[in-house]
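Novice:
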Amino acid sequence: IVVGCSVGALNASFLATAPDLPMMERAARVWDRVTTARVYPGTRLRVIWRFLSGQDSLYDNRSFYAFLQESGCTPATTFGDVAGAELYVTATHLRSGRLHVFGDNKNDRVLDALMASTALTPLHPPWEIDGERYVDGGTVTPLPLRVALDRGATEIYAIHLRKPGQEQPAGRVRGVTAHINQAVSTMLRLQAEHDLLLAETARRVRFHYLTLWPEPAIEPTDFGQSQRLLAQGYEQMAALLAGEGSPAPAAPRTRRRWWPSLRRITPPADGAVPAEPPLDPAHGA
């Protein structure tokens, strides 16, 4: 079972399609070529115009929709086509405010689910499916452990994008934006803690809680740091899985890509390098 929300839904779709090294290398290449302009297109003047004219979001989501298709996720791909693992993607049903899980119905379309789960208000508009509108899955919970528990998971590896010990601001919160950010951060933290409590107290469930964070921190709209984040994420996760705790990540010692070296660690059974699989499971993944 692979469960994801928001940006985690995108990574979950790669992993569930083909949980192997070639697909992870492909996911790394996708993140390497994404740009802020593809996700949040338009000039500052355009953003102001959208705000003043009463648009549903500050940015148009059509460029991001096209980017996901270029990455291999076609509009025809359903959750029933995903063969590598059971995939579940969460979004928030805008009208009711309830958590919605895509994937229980295997006829749900993966691309629709990804667009719904990443529709972060106010940056992207709600995504409409069959007359209903959805927004970012992290609005209800940024760590949807309840979804895995409800679907029978007996061992969970939870990857949480947060830095431990930084729930409280360093000093007095000042300004409207800072107050909004603090209020939203508190709400999301408490929602995640609720799911963490569910997982930690569940019977007969082995629970592994792993935190990842960028150092230094970056803006959510900055997509120019992919190489650094990939390297830091790998180093942090390797340390966590090895039982070494959560040391602060160091800058990469070299610009050489790290993921090709994994072939020396986990080579294919036949010793050959498999061809790059398509993301769309309906076409041979």
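Those letters in the sequence shown? Residues 167 to 451, by my numbering. Note that the Cβ used here is the ideal one computed from N, Cα and C, for glycine as well. None of these values were measured; they are calculated from a predicted model.
Do you know offhand how far Asn177's Cα is from Leu309's?
Specialist: Along the sequence shown, one-based indexing puts residue 177 at 11. Along the sequence shown, one-based indexing puts residue 309 at 143. Spanning the two alpha carbons is a distance of roughly 14 Å.
Novice: Give the C-beta separation of Arg299 and Arg261 to the nearest angstrom, bearing in mind that I take them to be a contact with Cβ-Cβ under 8 Å.
Specialist: Numbered from 1 along the sequence shown, position 133 holds the residue referred to as residue 299. Numbered from 1 along the sequence shown, position 95 holds the residue referred to as residue 261. Contact holds; Cβ gap of about 7 Å.
Novice: In this structure, does DSSP put Thr377 in helix, strand or coil?
Specialist: One-based indexing of the sequence shown puts residue 377 at position 211. If DSSP states are grouped into helix, strand and coil, Thr377 belongs with the strands.
Novice: Buried or exposed for Asn227, going by 16 or more other Cβ atoms inside 10 Å?
Specialist: Numbered from 1 along the sequence shown, position 61 holds the residue referred to as residue 227. Classification for Asn227: buried.
Novice: Please say whether Arg275 and Thr240 have beta carbons closer to each other than 7 Å?
Specialist: Here residue 240 is taken as the residue at index 74 of the sequence shown, counted from 1. Here residue 275 is taken as the residue at index 109 of the sequence shown, counted from 1. For Thr240 and Arg275, no; Cβs fall outside 7 Å.
Novice: Going by DSSP, which residues form a beta bridge with Glu294?
Specialist: The residue you call residue 294 lines up with position 128 of the sequence shown. Per DSSP, Arg299.
Novice: Would you call the region 359-371 and the region 389-400 touching, i.e. three or more CB-CB distances under 8 Å?
Specialist: They do not touch, by the three-pair rule.
Novice: Roughly how many whole angstroms lie between the Cα atoms of Arg199 and Gln393?
Specialist: The count along the sequence shown starts at 1 and reaches residue 199 at position 33. The count along the sequence shown starts at 1 and reaches residue 393 at position 227. Using only the alpha carbons, I get a separation of about 10 Å.
Novice: Under a Cβ-count criterion, where at least 16 other Cβ atoms within 10 Å of its own Cβ denotes burial, should Met353 be classed as buried or exposed?
Specialist: Walking along the sequence shown from the start, residue 353 turns up at place 187. With fewer than 16 Cβ atoms within 10 Å of its Cβ, Met353 is classed as exposed.
Novice: Taking the C-alpha atoms as reference points, what is the distance between Pro292 and Arg216?
Specialist: Working through the sequence shown from its first residue, we reach residue 292 at position 126. Working through the sequence shown from its first residue, we reach residue 216 at position 50. The straight-line gap from Cα to Cα measures roughly 15 Å.
Novice: List the endpoints of the continuous beta strand (DSSP E) containing Val253.
Specialist: Numbered from its first residue, the sequence shown carries residue 253 at position 87. Reading off the sequence, residue 253 comes out as Leu, not Val. For Leu253, the uninterrupted beta strand (DSSP E) segment begins and ends at 253-259.
Novice: Can you check which of these residues, Thr284, Tyr254, His259, is closest to Asn271 by C-alpha distance?
Specialist: In the sequence shown, the residue the question calls residue 271 occupies position 105. Comparing Cα-Cα distances from Asn271 to each of Thr284, Tyr254, His259, the minimum goes to Tyr254.
Novice: Output the boundary residues of the beta strand (DSSP E) element that contains Val168.
Specialist: The sequence position of residue 168 within the sequence shown is 2, counting from 1. Residues 168-171.
Novice: Quick one: what does DSSP say Arg275 is sitting in, helix, strand or coil?
Specialist: Your numbering for residue 275 matches position 109 in the sequence shown. The DSSP-derived three-state label of Arg275 is strand.
Novice: Hey, could you find the ends of the alpha helix (DSSP H) Thr248 is sitting in?
Specialist: Against the sequence shown, residue 248 aligns to sequence position 82. Sequence inspection shows Val at residue 248; the Thr mentioned does not correspond to that position. Careful: Val248 lies outside any alpha helix (DSSP H) and carries neither H nor E.
Novice: Arg328 to Ala251, Cα distance in whole Å?
Specialist: Taking the sequence shown and counting its residues from 1, the one referred to as residue 328 is at position 162. Taking the sequence shown and counting its residues from 1, the one referred to as residue 251 is at position 85. The straight-line gap from Cα to Cα measures roughly 26 Å.
Novice: In the structure shown, what three-state DSSP assignment does Ile346 receive?
Specialist: Start at 1 with the first residue of the sequence shown, and residue 346 comes out as number 180. Here Ile346 sits in helix by DSSP.
Novice: Label Ala182 either buried or exposed according to how many other C-beta atoms from any shown protein chain fall within 10 Å of its C-beta, with 16 as the threshold for buried.
Specialist: Counting from one through the sequence shown, the residue named residue 182 turns up at place 16. That one is buried.
Novice: Pull up the DSSP beta-bridge partners for Ala324, would you.
Specialist: Your numbering for residue 324 matches position 158 in the sequence shown. Paired residue(s): Tyr375.
Novice: Check each candidate in Pro288, Arg210, Ile346 and name the one with the smallest Cα separation from Pro220.
Specialist: Translated into positions along the sequence shown, residue 220 becomes position 54. With the sequence shown as reference, residue 220 is identified as Gly, and Pro is not the correct amino acid for it. Per the Cα distances, Pro288.
Novice: According to DSSP, is Phe389 part of a helix, a strand, or is it coil?
Specialist: Along the sequence shown, read from residue 1 onward, the residue named residue 389 stands at position 223. In the three-state scheme derived from DSSP, where H, G and I count as helix and E and B as strand, Phe389 is classed as coil.
Novice: Closer than 7 Å by C-beta to Leu134: which residues in its own chain qualify, once you throw out the five before and the five after it? Chain order, please.
Specialist: A question about residue 134 goes unanswered here, because the residues of the chain that appear run from 167 up to 451.
Novice: With a CB to CB cut of under 7 Å and the five nearest residues on each side skipped, what residues in its chain are close to Ser283?
Specialist: Counted from its first residue, the sequence shown places residue 283 at position 117. The answer, listed in chain order, is Cys171, Ser172, Ala175, Val255, Thr256, Ala257, Asp302, Gly303.
Novice: Should Asp278 be labelled buried (16 or more other beta-carbon atoms within 10 Å of its own) or exposed?
Specialist: As a first step, residue 278 must be located in the sequence shown, where it is residue number 112. With 16 or more other Cβ atoms from the protein chains shown falling within 10 Å of its own Cβ, Asp278 counts as buried.
Novice: For Thr202, is the classification buried or exposed, using 16 other Cβ atoms within 10 angstroms of its Cβ as the cut-off for buried?
Specialist: As a working mapping, residue 202 is identified with position 36 in the sequence shown. Classification for Thr202: exposed.
Novice: Is it right to say Thr307 is buried, meaning 16 or more other beta carbons lie within 10 angstroms of its own, or is it exposed?
Specialist: Translated into the one-based positions of the sequence shown, residue 307 becomes position 141. Classification for Thr307: buried.
Novice: Are the beta-carbon atoms belonging to Arg204 and Ser229 less than 7 Å from one another?
Specialist: Here the question's residue 204 lines up with position 38 in the sequence shown. Here the question's residue 229 lines up with position 63 in the sequence shown. Taking 7 Å as the Cβ cut-off, Arg204 and Ser229 qualify as a contacting pair.
Novice: Count the other CB atoms within 10 Å of the CB of Ala408; is the residue buried (16 or more) or exposed (fewer)?
Specialist: Counted from its first residue, the sequence shown places residue 408 at position 242. Classification of Ala408: exposed, given that the 10 Å Cβ count is below 16.
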